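Residue numbers (the numbering used here), protein chains in the order written: chain V, 187 to 490; chain H, 187 to 490.
Glycine is no exception: its CB is placed at the ideal position from the N, C-alpha and C atoms.
Keep in mind that this is a model prediction, so the values were computed, not measured.
As structure tokens, the structure follows; a few thoughts come after it.
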């Protein structure tokens with residue numbers, strides 16, 4: 187089974203605290219390491235939690251508020267000190283040039299690898315990366331500036347052919363590939379054997395969705411329906427619902443409502459406001475709506 | 187007596203480790219808070235060690251390598267979130283514009299305070315700040331790029347006039363200010379009373395010098411002679427002397443030689459290479475030359 191592991195590096199928000207680092211997480215999927223957001227201190231968190239920098243495949247930046255990007259110069263600089271040669275793709279909104287271009291000019295010939303900036307589409311769903319086993323896409327969230335959520339998914343694995351059926355129908359080896367991918371089998375006598383009678387479904391594909399930062403936005407539900415794990419920001423408790431609305435953030439209860447509407451398997455909340463130093467209330471408010479809720483915290487790992 | 191306190195926020199070097207943060211320290215002097223260097227995560231270290239962000243007076247950047255500056259955007263952004271209104275002076279080499287200007291454009295009208303960049307002179311000693319009780323100056327170090335050290339000093343306090351002598355010579359009140367600052371006293375009868383017979387010296391002024399990053403450079407000795415505390419980089423142990431020379435860094439023994447030549451009272455070494463996870467050897471090599479040596483570490487406080 188594929189490894190599909192999310193590690194929280196930072197679950198705080200704009201104002202740093204001693205309890206939580208600015209936003210960042212790592213998605214390990216099919217032996218590739220992806221990063222979502224890169225707040226200040228992200229590379230230090232990678233060291234702390236023993237993430238392998240050399241495995242980093244690409245970086246996805248949800249939006250260009252400082253707490254989601256100020257760790258980039260340090261991370262890129264360290265990757266260069268480590269002698270990385272592979273290109274690094276950074277998926278972000280186009281204004282990221284303000285941060286990256288001066289940095290590249292500054293680093294100049296000291297950079298050991300190339301950075302490719304791929305602009306996110308803030309208007310609609312878009313496929314960002316795909317190989318034979320995984321798929322990563324983005325979709326619009328609702329924040330003060332252009333912001334995107336991300337969906338990481340395994341591709342549906344091929345069906346398994348039933349061993350006994352190969353013998354029983356005398357299925358030739360060269361047809362097995364197509365049958366695993368849904369083809370029916372026609373016997374030499376012309377009898378059609380339906381695919382579902384000779385196969386069992388493959389491992390169900392797992393899906394992870396990241397939604398931060400965002401106001402309460404039921405319009406995102408179609409993008410994240412039925413995911414195995416949803417990370418949704420919950421900056422505020424319900425007492426601060428007005429503040430959440432004004433700042434285009436969500437309350438814990440709103441995060442849980444989205445999880446419920448989208449019928450996800452599990453919800454993780456984070457992006458806590460610096461006003462809280464205790465998070466039981468946020469968990470309680472979310473769990474009342476959606477019991478399968480867990481609090482994010484630095485170093486916590488979620489395996490799908 | 188004036189408070190003169192140095193707090194180490196980071197004593198590592200370019201490559202972050204789990205043991206040491208990138209360079210930064212706070213100098214609390216006469217109720218003002220100054221920062222030297224601002225590596226990634228500095229604002230998080232300030233939180234951790236309960237430094238009062240609102241007290242920050244100005245920032246001194248020794249040179250523009252990433253590990254000394256990548257914490258600036260986050261720090262400036264947080265000061266703005268906290269509603270700072272006082273100007274912030276940043277003393278740095280002129281190329282810092284590459285980092286600050288795009289940041290200011292990005293922050294735009296969200297910045298609540300003004301940043302003044304004051305260019306350091308990489309060629310010779312220069313006074314940077316002075317008020318009635320303290321003085322801050324910079325002087326050139328020897329590194330791969332333009333780099334300056336900093337000297338923080340209390341001004342020599344006025345002498346104390348001897349109470350009994352006021353009565354004995356019948357010294358009028360309006361002359362006391364000048365006598366405390368070195369004037370002799372002439373009696374109404376024309377007799378000249380030498381200053382040293384009617385005063386005792388004031389509290390001796392304390393001095394702190396910061397020298398990082400730098401190769402072994404005896405030419406800096408005149409700038410730091412007799413300081414009470416010298417922070418001098420000691421990136422490498424003696425086995426790496428060649429590497430130190432190539433990269434314009436110092437070994438612990440070289441740092442101690444400088445301390446000895448300058449006849450300082452105490453030496454603190456830091457800016458450790460990420461190759462070390464144990465620092466006893468560096469301390470040993472320095473102490474053999476200069477016994478009054480101490481290792482820097484995050485959160486350590488030196489009171490002068």
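If we cut at 7 Å on Cβ distances, does residue i have a partner in chain V?
i, result
"residue 426 of chain H", "no"
"residue 193 of chain H", "no"
"residue 284 of chain H", "yes"
"residue 233 of chain H", "yes"
"residue 256 of chain H", "yes"
"residue 292 of chain H", "yes"
"residue 326 of chain H", "no"
Going by C-alpha to C-alpha distance, which of the options sits closest to residue i?
i, options, result
"residue 385 of chain H", "H/394, H/396, H/376, H/371", "H/371"
"residue 202 of chain V", "V/459, V/473, V/469", "V/459"
"residue 272 of chain V", "V/207, V/299, V/295", "V/299"
"residue 366 of chain H", "H/389, H/376, H/412", "H/389"
"residue 415 of chain H", "H/340, H/431, H/454, H/473", "H/454"
"residue 349 of chain H", "H/383, H/332, H/321", "H/383"
"residue 217 of chain V", "V/404, V/320, V/306, V/315", "V/320"
"residue 229 of chain H", "H/207, H/249, H/214", "H/207"
"residue 411 of chain H", "H/401, H/400, H/396", "H/396"
"residue 249 of chain V", "V/225, V/437, V/487, V/430", "V/225"
"residue 274 of chain H", "H/285, H/462, H/241, H/255", "H/241"
"residue 334 of chain V", "V/471, V/310, V/303, V/440", "V/310"
"residue 205 of chain V", "V/488, V/464, V/478, V/470", "V/464"
"residue 373 of chain H", "H/214, H/430, H/357", "H/357"
"residue 312 of chain H", "H/338, H/291, H/446", "H/338"
"residue 435 of chain V", "V/328, V/254, V/317", "V/328"
"residue 199 of chain H", "H/423, H/270, H/457", "H/457"
What does residue i pair with, by DSSP beta-bridge criteria?
i, result
"residue 397 of chain H", "H/418"
"residue 487 of chain H", "H/193"
"residue 479 of chain V", "V/453"
"residue 210 of chain H", "H/196"
"residue 326 of chain V", "V/334"
"residue 385 of chain H", "H/347"
"residue 224 of chain V", "V/210"
"residue 215 of chain H", "H/190, H/218"
"residue 244 of chain H", "H/220, H/275"
"residue 320 of chain H", "H/340"
"residue 372 of chain V", "V/378"
Determine the DSSP secondary structure at residue i, reduced to helix, strand or coil.
i, result
"residue 136 of chain V", "No answer is possible for residue 136 of chain V: it lies beyond the span of chain V, which begins at 187 and ends at 490."
"residue 364 of chain H", "helix"
"residue 434 of chain V", "coil"
"residue 263 of chain H", "helix"
"residue 284 of chain V", "helix"
"residue 312 of chain H", "strand"
"residue 303 of chain V", "strand"
"residue 423 of chain V", "coil"
"residue 232 of chain H", "helix"
"residue 408 of chain V", "helix"
"residue 250 of chain V", "coil"
"residue 462 of chain V", "coil"
"residue 413 of chain V", "coil"
"residue 237 of chain V", "coil"
Closest Cβ-Cβ distance between residue i and chain H: below 7 Å?
i, result
"residue 252 of chain V", "yes"
"residue 358 of chain V", "no"
"residue 404 of chain V", "no"
"residue 288 of chain V", "yes"
What residues from the segment 195-209 of chain H come within 9 Å of chain V, judged by C-beta to C-beta, listed N to C? 200, 201, 202, 203, 204, 207, 208
By the 7 Å beta-carbon criterion, what residues does the segment 298-319 of chain H contribute toward chain V? Under the 7 Å Cβ criterion, the segment 298-319 of chain H contributes no residue.
Please list, in chain order, the residues of the segment 259-275 of chain V that have any C-beta partner in chain H closer than 7 Å. 259, 260, 263, 264, 267
Residues of the segment 366-388 of chain V with Cβ closer than 8 Å to any Cβ of chain H, in chain order: none
So if I threshold CB-CB distances at 7 Å, which residues from the segment 219-230 of chain V count as touching chain H? 226, 227, 229, 230
Can you give me, in chain order, the residues of the segment 451-468 of chain H that have a beta carbon less than 7 Å from any beta carbon in chain V? none
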